[in-house]
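Numbering of the sequence shown is given in numbering that gives the first Met the number 0, commencing with residue 0 and proceeding in unit increments. Cβ atoms here follow ideal geometry from the backbone N, Cα and C, with glycine treated the same way. Here the structure is a predicted model, which is why all the values come from computation and not from measurement. Taking it in order: structure first as structure tokens, then the write-up.
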Amino acid sequence: MNFQVEVTKEFDRYRLDRFLAQFTGDDVSRSMIQKWIRLGNVAKLPDKKVVKSSYVVNEGESFHITIPPKKKILLQPIKMDIPIVREYPDFLLIHKPAGIACHAGPGDSQVSLVNGLLYHFQSLSAQGGEERPGIVHRLDKPTSGLMLVAKNDRAHIALSSLFQKGKIYKRYYAWLLQAPRETSGRVELPIGRHKTERLKMCIRNDGRMAITNYKVLRSIASRKNRYYSLVEVEIETGRTHQIRVHFQNMGCPVVGDNLYSNSSEEFSKFGLLLFAQKLSFVYPPTGEKVEAELPFPENFLQFEKIAEFK
Numbered sequence: 000m001n002f003q004v005e006v007t008k009e010f011d012r013y014r015l016d017r018f019l020a021q022f023t024g025d026d027v028s029r030s031m032i033q034k035w036i037r038l039g040n041v042a043k044l045p046d047k048k049v050v051k052s053s054y055v056v057n058e059g060e061s062f063h064i065t066i067p068p069k070k071k072i073l074l075q076p077i078k079m080d081i082p083i084v085r086e087y088p089d090f091l092l093i094h095k096p097a098g099i100a101c102h103a104g105p106g107d108s109q110v111s112l113v114n115g116l117l118y119h120f121q122s123l124s125a126q127g128g129e130e131r132p133g134i135v136h137r138l139d140k141p142t143s144g145l146m147l148v149a150k151n152d153r154a155h156i157a158l159s160s161l162f163q164k165g166k167i168y169k170r171y172y173a174w175l176l177q178a179p180r181e182t183s184g185r186v187e188l189p190i191g192r193h194k195t196e197r198l199k200m201c202i203r204n205d206g207r208m209a210i211t212n213y214k215v216l217r218s219i220a221s222r223k224n225r226y227y228s229l230v231e232v233e234i235e236t237g238r239t240h241q242i243r244v245h246f247q248n249m250g251c252p253v254v255g256d257n258l259y260s261n262s263s264e265e266f267s268k269f270g271l272l273l274f275a276q277k278l279s280f281v282y283p284p285t286g287e288k289v290e291a292e293l294p295f296p297e298n299f300l301q302f303e304k305i306a307e308f309k
């Protein structure tokens, strides 16, 4: 697999290996990227000069990356209920169910959303790699809501570019334990992989900047003096676990979060109360305005009914 990346202002003066780590996904380690560089699979354009991992990149520079082939994983179509919210010639808007991963990780044979997509659609984009046909962006496994799926490579490239440039509007809703001190606010804190608990992300000075805007819509004081708040969230970046980490750092984790809350078992019947409710953007190849919203899921409605009595 070959692709080309350009250094934007955000990554000016980064080490090359750290810069490339932003574009290869969470399942590719920095040591693997350094191995690619040592093997000559990364070249600086336009002269295709091979550089070292420690090379400091500059805004405007471009690099060509050749990713060595992985051991193939046989992806089987599996019958799965995937609600199609809207279908376009180039892409789909689906309602991803909670509890299923968007795609399997390296060496992982778990059933994922990809298996279900292959059952319903024979043709999906290949730009994301053989193991991730159609997958342009991801929602966490326990998160439900709107997701884009690319039917062809043209759509994948166009939609990926929109995500990278922050031109896709994303709105979420979440129930929190406790409530933020301010009824509305903007969180700008960098997020990176946790140093010891590798399934987690955390606030790190050397992480990638993440921006979350929120507004408290409702607060509930239960009969047992517990507090819950419903928040509307808009994100300007799409870091792994971004919303969950930012609210946990504020002392009000998302209800049902088994990674970032100590009370997740108490709310296990509801699952993670985080929901991707709206997407909107202009699709570059056609100039068409695309917008979709979903009603609140049943677990949100059930939680609200009983929260004040808990």
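Beta-carbon within less than 6 Å of I36's beta-carbon, same chain only, minus the 5 sequence neighbours each way: which residues are those?
S52, listed in sequence order.
Can you list, in chain order, the residues of its chain whose CB lies under 6 Å from that of T236, leaving out five sequence neighbours each side?
Closer than 6 Å at the Cβ level, and outside the excluded window around T236, lie A209, I210.
Whole angstroms are fine: how far does the CA of I156 sit from the CA of Q163?
Distance between the alpha carbons of Q163 and I156 is about 11 Å.
Okay, do the region 91–102 and the region 129–141 touch, 3+ Cβ pairs below 8 Å being the bar?
Touching, per the Cβ criterion.
Comparing alpha-carbon positions, which option in P82, R180, E287, Y168 lies nearest I93?
Ranking the options by Cα distance to I93, first place goes to P82.
So, at 7 Å on beta carbons, what are the nonlocal neighbours of H119 in its own chain, with the 5 sequence-adjacent residues on each side left out?
Contacts found: I81.
Out of I32, K47, V55, state which residue places its alpha-carbon closest to the alpha-carbon of A67.
The residue asked about is misnamed: residue 67 is Pro in this sequence, not Ala. Of I32, K47, V55, the residue nearest in Cα terms is I32.
Around the C-beta of F299, are 16 or more other C-beta atoms found within 10 angstroms, so that it is buried, or is it exposed?
Its Cβ being crowded by 16 or more others within 10 Å, F299 is buried.
Can you find the residues in the same chain that come closer than 7 Å, C-beta to C-beta, to G250, ignoring five residues on each side of it along the sequence?
For G250, where only same-chain residues beyond five positions count, the Cβ hits under 7 Å are Q177.
Take every Cβ of the region 241–255, pair it with every Cβ of the region 178–187, and state whether three or more of those distances are shorter than 8 Å.
The answer is yes - the region 178–187 touches the region 241–255, with three or more Cβ pairs under 8 Å.
DSSP three-state label for L175, please.
DSSP places L175 in strand when its eight states are reduced to three.
Tell me the residue span of the beta strand (DSSP E) that contains K95.
Residues 90–95.
From T7 to P296, what distance separates their C-alpha atoms?
Straight-line Cα distance between these residues: approximately 38 Å.
Express the C-alpha separation of R29 and R192 in angstroms, rounding to a whole number.
Roughly 11 Å separates the two Cα atoms.
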